[in-house]
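Colleague: Just so you know, the protein sequences line up as chains X and G, in that order. Residues 39 to 154, numbered by this note's numbering, are exactly what the first sequence covers, in order. Residues 9 to 119, numbered by this note's numbering, are exactly what the second sequence covers, in order. The beta-carbon is built from N, C-alpha and C at its ideal position, and this holds for glycine as well.
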Amino acid sequence: DAGVTQSPTHLIKTRGQQVTLRCSPKSGHDTVSWYQQALGQGPQFIFQYYEEEERQRGNFPDRFSGHQFPNYSSELNVNALLLGDSALYLCASSLVRPSRWHYGYTFGSGTRLTVV
Amino acid sequence: GESVGLHLPTLSVQEGDNSIINCAYSNSASDYFIWYKQESGKGPQFIIDIRSNMDKRQGQRVTVLLNKTVKHLSLQIAATQPGDSAVYFCAENGGNNRLAFGKGNQVVVIP
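1) Which residues does DSSP pair with Gly104/X in a beta bridge?
2) How about Asn101/G and Ser132/X: do their beta carbons lie closer than 8 Å?
3) Say whether chain X places a C-beta atom closer than 8 Å to the C-beta of Arg106/G.
4) So which residues of chain G does Phe83/X contact, with C-beta pairs closer than 8 Å?
5) Please classify Gly51/G as buried or exposed, where buried requires at least 16 neighbouring CB atoms within 10 angstroms.
6) Residues of the segment 118 to 134 of chain X with a CB closer than 9 Å to any CB of chain G: list them in chain order, please.
7) Under 7 Å Cβ-Cβ, which residues of chain X neighbour Phe97/G?
8) Of all Cβ atoms in chain G, is any one closer than 8 Å to the Cβ of Thr69/X?
9) Taking contact to mean at least 3 C-beta pairs separated by less than 8 Å, is the segment 45 to 60 of chain G in contact with the segment 90 to 97 of chain G?
10) To which residues of the same chain is Ser150/X closer than 6 Å at the C-beta, ignoring the five residues directly before and after it?
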């Protein structure tokens, strides 16, 4: 049973460029959340998708946008990249209606984005 | 917004000893807490969780304690092994399946 898969694993972009990161959720999961993890910090919530719509959003500018497809996979897009966008971007999948009380929150290994 | 934080940045522990990692949270409305382990180059890995209506939960070699009175969470690792070396995060779910993480606590196991 494949867990959460993310691509690419590493990426180098130039300031001002745009980037798209991809995520396939764990089989059976219907909700995808994206997190940004700066070096030495805990993950910060960006947004969450369910039924192909953004359901919740953290404190991130509109340069960060996303999409969820009918097969539950998701993309994270970042426009006009800044040096400060350099981070590990994590995708987590879960169930919108948890089994009992365990949400099944599962993380992928992330995409390491470096902006130069 | 309210956030979860950890007291100690680094914990060095002798192999075989027990480890205790502490975490303070501020959102009294949080009803679910998770401990994650993150190794270098990997995503957070689920260790154990606990709901707010519980005080203690045990897993294999790990125990999570929740003290709602002082908003404190701890993770105990029994007989720490070299493979336990990692960064540990506590996270809280304030609702809607959205997690808030602290900065993390590095555990270094000394052989």
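Modeller: Taking the coordinates as given:
1) In the DSSP assignment, Gly104/X is bridged to Leu114/X.
2) In this structure, Ser132/X does not lie closer than 8 Å to Asn101/G by Cβ.
3) Interface residue, yes.
4) Residues of chain G passing the Cβ test: Arg106, Leu107, Ala108.
5) Per the 10 Å Cβ criterion, buried.
6) Listed by position, the residues of the segment 118 to 134 of chain X near chain G (Cβ gap below 9 Å) are Leu126, Leu128, Cys129, Ala130, Ser132, Leu133, Val134.
7) Near Phe97/G (Cβ distances below 7 Å), the residues of chain X are Gly80.
8) It does; some Cβ of chain G falls within 8 Å.
9) At 8 Å Cβ cutoff, the stretches touch.
10) Ser is not the amino acid found at residue 150/X; the sequence shown has Arg there. Excluding five sequence positions before and after Arg150/X, the CB atoms of its chain that fall closer than 6 Å to its own CB belong to His48, Leu126, given in chain order.
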